[in-house]
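Comments concern the structure below.
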Amino acid sequence: MQQQPKPARGILHPANAVGQTLHRRYLPCAELSEWVEHFWVVEWDFGAFEKQVATLPHPSIHITFDAGSCVVRGLSNGRFTRTLTGSGRVFGIKFLPGAFYPWLKMPVSRISQKTLPLNLIFENADALCEKMLRLKSHDDLVRCAENALLKCKPAPDERLALVRRICESILHNRHIVRVEQVCADEQLSIRQLQRMFSVWVGVSPKWMIQRYRLHEAVEELNTAVAAPDWIGLAEKLGYFDQAHFIRDFKKLTGETPAVYAAKRLQAKATN
Numbered sequence: 001m002q003q004q005p006k007p008a009r010g011i012l013h014p015a016n017a018v019g020q021t022l023h024r025r026y027l028p029c030a031e032l033s034e035w036v037e038h039f040w041v042v043e044w045d046f047g048a049f050e051k052q053v054a055t056l057p058h059p060s061i062h063i064t065f066d067a068g069s070c071v072v073r074g075l076s077n078g079r080f081t082r083t084l085t086g087s088g089r090v091f092g093i094k095f096l097p098g099a100f101y102p103w104l105k106m107p108v109s110r111i112s113q114k115t116l117p118l119n120l121i122f123e124n125a126d127a128l129c130e131k132m133l134r135l136k137s138h139d140d141l142v143r144c145a146e147n148a149l150l151k152c153k154p155a156p157d158e159r160l161a162l163v164r165r166i167c168e169s170i171l172h173n174r175h176i177v178r179v180e181q182v183c184a185d186e187q188l189s190i191r192q193l194q195r196m197f198s199v200w201v202g203v204s205p206k207w208m209i210q211r212y213r214l215h216e217a218v219e220e221l222n223t224a225v226a227a228p229d230w231i232g233l234a235e236k237l238g239y240f241d242q243a244h245f246i247r248d249f250k251k252l253t254g255e256t257p258a259v260y261a262a263k264r265l266q267a268k269a270t271n
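Everything in the sequence shown is counted per this note's numbering, starting at 1 for the first residue and increasing by one.
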C-alpha cells in the first residue's frame, strides 16, 4: 500500500504538537486511479482536551466513515472546521476534482453544501459502514474501501479526460488566474466551461482558480520564516491590488494574511 507522496494542501494553522494527531494518505489501486485521488486517515488523541481544526476544502467530493456518520460529502464553499475531542478516527475517500460525476449521475453542483447517505453509491451501505468502523489497520481500511468501490465503479467516460486536464492545469499552472485563459487554451466559450464545471466539478471555474491560488497563499504563509512581500504575493496570485487579496483571504480563513502570518511565526518561535 503506497502512501500519497504529495504534501497536503489547504490546512490552516497546522498542528505543532507532535503526537496529538496522525494524518496518512494512501494511493488507490490502478483500477480506481481514474476517479480516486487517495484514501486518507486522520486519528487523534487529546485526552481531556479539545482542538479545533480547519481546512480550505478542495473541489473534491469525499466519502467519510467515522463514529458520528458515514456519508458522501458535497463540496463546501467556505472553510471546513471541526472540533476534535478525546480520541477518534476518520477514514475518507477523496475523489479527483470532476471525477465524481460518473458515480453520481447528476450534476455535482446539486449536492454542494450537503451530506448524503452512502446508499447513494453503495449497496448494503449500512453493512459497509459497520465493517469499516470495526477495522483497525489502515491496510484493511483501504482494502475494504477499494473492494466496495470496485463492485460499483462506473464505465469509463471519455469526457472525463477533458475535465481532468482542465482541473490539473488550474491546479499546477500558477499563471492561470482568469477563466478566459482556460477558455483560450481549450478553445471553449465561457458558457461552455461554466456548464461543464457545474455538471462535473460542482463549482465554477472562477471558484476553482481562486481556491487553488489561496491554497498557495496559505502554504507560503505556513512555511514562511519571515513576513512575505505582500504586494508581490498578491500579484503572483493574480490579484490586481493587495486590498482584494486581503479581502478574499480573510473571507475564507477568518483572518487577514498579516494576522495569519504573525500567528504562524509565533507558533514556530515557541516550538
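Glycine residues also receive a C-beta, built at the ideal position from the N, C-alpha and C atoms.
Remember, it's a predicted structure, so these values are computed and weren't measured experimentally.
The segment 134-141 makes no contact with the segment 152-165; the number of CB pairs closer than 8 Å stays below 3. Going by beta carbons, Ser76 and Gly202 fall outside the 8 Å limit. Looking only at Gly254, Ala148 and Val179, the smallest Cα-Cα distance to Glu31 is reached by Ala148. Rounded to whole angstroms, the gap between the alpha carbons of Pro107 and Ile121 is 15 Å. At a Cβ-Cβ threshold of 8 Å, Ala67 and Leu133 count as neighbours. The criterion of a C-beta distance shorter than 8 Å is not satisfied by Thr21 and Glu37. Of the candidates Arg25, Phe95 and Ile176, the residue whose Cα lies closest to the Cα of Glu235 is Ile176.
For Ser169, the three-state secondary structure derived from DSSP is helix.
Just so you know, the alpha carbons of His62 and Gln181 end up roughly 29 Å apart. Positions of the alpha helix (DSSP H) runs, each at least 4 residues long and wholly inside the segment 202-250, are given as 205-223 and 230-236 in order along the chain. Between the C-alpha atoms of Ser60 and Asp248 there is a straight-line separation of about 21 Å. By the Cβ-count criterion, Glu146 is buried, with 16 or more other Cβ atoms from all chains shown falling within 10 Å of its own Cβ.
With contacts defined as CB atoms closer than 8 Å, Ala261 and Leu214 fail to qualify as a contacting pair. Cβ-Cβ distances below 6 Å link Ala99 to Trp35 in the same chain, with the five nearest sequence neighbours on each side left out; the list follows chain order.
Contact between Thr253 and Leu12 holds: CB atoms are separated by about 6 Å, below the 8 Å threshold. In this structure Thr55 touches Phe80 by the C-beta definition: roughly 5 Å separates them, less than 8 Å. If you draw a straight line from the Cα of Arg24 to the Cα of Val41, it is about 5 Å long. Phe46 is positioned such that its CB atom lies closer than 8 Å to that of Thr85. By a beta-carbon distance limit of 8 Å, Leu118 does not contact Ala127. Their separation comes to about 10 Å. A straight line joining the alpha-carbon of Val259 with that of Thr223 spans about 15 Å. In this structure, Lys114 sits near Gly74, with a CB-CB distance shorter than 8 Å.
In the three-state reduction of the DSSP assignment, Ser87 falls in the strand class, which pools E and B. For Val53, the secondary structure class from DSSP, reduced to helix, strand or coil, is strand.
The three-state secondary structure of Leu135, taken from DSSP, is coil. Contact between Val163 and Met208 fails: their C-beta atoms lie close to 11 Å from each other, not under 8 Å. Excluding its 5 nearest sequence neighbours in each direction, Tyr239 has C-beta neighbours in its own chain below 7 Å: Phe245, listed in chain order.
DSSP, reduced to helix, strand and coil, places Cys70 within a strand of the structure shown.
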